[in-house]
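The sequence shown lines up with residues 1 to 94 when you count with the UniProt record's numbering. Quick reminder that beta carbons are idealized off the backbone N, C-alpha and C, glycines included. Bear in mind the structure is a predicted one, so any value in this text is a computation, not a measurement. Here is the structure we will look at, set down as structure tokens.
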Amino acid sequence: MMMLDWTRRAACLDLDPELFFPISMEGPGRSQVEQAKHICQGCPVREPCLAYALDTNQAYGVWGGTDPAERRELSLPAGPPRENVPARPLRGGR
Numbered sequence: 001m002m003m004l005d006w007t008r009r010a011a012c013l014d015l016d017p018e019l020f021f022p023i024s025m026e027g028p029g030r031s032q033v034e035q036a037k038h039i040c041q042g043c044p045v046r047e048p049c050l051a052y053a054l055d056t057n058q059a060y061g062v063w064g065g066t067d068p069a070e071r072r073e074l075s076l077p078a079g080p081p082r083e084n085v086p087a088r089p090l091r092g093g094r
């Protein structure tokens, strides 16, 4: 498997990957997620890591300092553009 160039500078490169991929996001897993996010805070490649996770729809693990729920939130569209639709007059002149 070819490594992406930025991964060679990642703060997590020599760490146990299981820290970044807890079995659950609850209980002891929550502590793992917080530890992983703490490591990500000082990572020199946090932004490309997050961009990769968003571009490839990574559904599991901590990437770029975010958990899956945070990435889903970041991936949501801002909402449909508002249309300028003229209001129709109510019947009876109201």
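Alpha-carbon spacing of residue 66 relative to residue 4, whole angstroms: Walking along the sequence shown from the start, residue 66 turns up at place 66. Walking along the sequence shown from the start, residue 4 turns up at place 4. One C-alpha to the other measures close to 19 Å.
Residue 39 versus 19, 69, 6, 70, residue with shortest Cα-Cα distance: As a position in the sequence shown, residue 39 is number 39, starting the count at 1. Closest in alpha carbon position to residue 39, among 19, 69, 6, 70, is 19.
Where residue 76 falls, given that 16 or more other Cβ within 10 Å makes a residue buried: In the sequence shown, the residue the question calls residue 76 occupies position 76. Looking at its Cβ environment, which holds fewer than 16 other Cβ atoms inside 10 Å, residue 76 is exposed.
Euclidean distance between Cα positions of residue 8 and residue 61: What you label residue 8 is simply residue 8 of the sequence shown in a count that begins at 1. What you label residue 61 is simply residue 61 of the sequence shown in a count that begins at 1. C-alpha separation (whole angstroms): 19 Å.
Close beta carbons around residue 41, own chain, < 8 Å, minus the five adjacent residues each side: In the sequence shown, counting from the first residue as 1, residue 41 sits at position 41. Sequence-distant partners of residue 41 (beyond 5 residues in either direction) whose C-beta falls short of 8 Å from its own C-beta, in its chain, are 65.
Boundaries (first-last residue) of the alpha helix (DSSP H) holding residue 51: Looking up residue 51 in the sequence shown gives position 51. It spans 46 to 55 - the alpha helix (DSSP H) in which residue 51 sits, taken as one unbroken run.
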